[in-house]
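Asks:
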Amino acid sequence: MEQFNERRDPVKLLVQCGLFTALVTVGTLISFPIAGGHGFINLGDAVIHTAAFVFGGWHCAAIAAIGSAIADVILGYSIYVPGTLIIKALMAFVSSILIRRLSSRSWLAPVALLIAGIIVPAGYFLYELLLSALGAWE
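Going by my numbering, the first residue of the sequence shown is number 618, and it counts up by one from there.
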């Protein structure tokens, strides 16, 4: 597959992004609850980081946001959709930037994934604070 900003046929790019969006959704549906009942771990983030490597930038952000939001609706967590759209898009965008910048030093790739991965729990923590402040849990 082409990587990052190489010229692509727009129809081929749209199909590839659609397929990766579906893979993110399915990967997110394969989830394991976290002890204590606050959230879950899923395989969708692995697909998002793969998309960050393959597509980069805004394409990856759209793939991550839409695929994860669809999974939230399917799993019954629709209250998290607005936060998921922002959080997952930001994580994917940061991941793609870090992967691109650190690609010459392959030993730093896990650091890029760790930095991008920190965005998710921090983002959902802030989103839940917002929901609590708005009285969504009452």
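All C-beta atoms, glycine included, are put in the ideal place defined by N, C-alpha and C.
Are the beta-carbon atoms belonging to VAL632 and ILE665 less than 9 Å from one another?
Replies: No, these two residues do not count as a Cβ contact at 9 Å.
Asks: Helix, strand or coil: how does DSSP classify PHE672 here?
Replies: Three-state DSSP puts PHE672 in coil, outside helix and strand.
Asks: Thinking C-alpha only, which one of LEU730, SER723, TRP675, GLU745 is nearest VAL698?
Replies: Nearest option by C-alpha distance: GLU745.
Asks: Tell me, which residues are paired with PRO650 by DSSP?
Replies: Answer is PHE657, bridged to PRO650.
Asks: Tell me the residue span of the alpha helix (DSSP H) that contains SER695.
Replies: Per DSSP, SER695 belongs to no alpha helix (DSSP H) and is neither H nor E.
Asks: Using 8 Å for Cβ pairs, my map puts LEU630 next to ILE647. What's the rounded Cβ distance?
Replies: Their Cβ separation, rounded to whole angstroms, is 26 Å, which puts LEU630 and ILE647 out of contact at 8 Å.
Asks: How would you label PHE742, buried or exposed, when you count the other beta carbons within 10 angstroms and need 16 or more for buried?
Replies: By the 10 Å Cβ count, PHE742 comes out exposed.
Asks: Which same chain residues end up closer than 8 Å to ILE736 when comparing Cβ atoms and leaving out the 5 residues on each side of it in sequence?
Replies: Contacts found: ILE704, LEU707, MET708, VAL711.
Asks: THR645 and GLY684 look like a contact to me (Cβ under 8 Å); what is the Cβ gap, rounded to whole Å?
Replies: THR645 to GLY684, Cβ: 7 Å. Contact.
Asks: Helix or strand or just coil, what does DSSP make of ARG722?
Replies: Looking at ARG722 - three-state DSSP - the assignment turns out to be coil, as it is neither helix nor strand.
Asks: Ignore the nearest five residues each way along the sequence and tell me which others in ALA669's own chain have a CB closer than 7 Å to its CB.
Replies: These residues qualify, in order along the chain: CYS677, ALA709, SER712, SER713, ILE716.
Asks: For VAL671 and GLY740, what's the separation of their Cα atoms in angstroms?
Replies: Looking at the two C-alpha atoms, the distance is approximately 24 Å.
Asks: Considering only C-alpha positions, which residue in the set CYS634, THR667, ALA688 is nearest to ILE658?
Replies: Comparing Cα-Cα distances from ILE658 to each of CYS634, THR667, ALA688, the minimum goes to ALA688.
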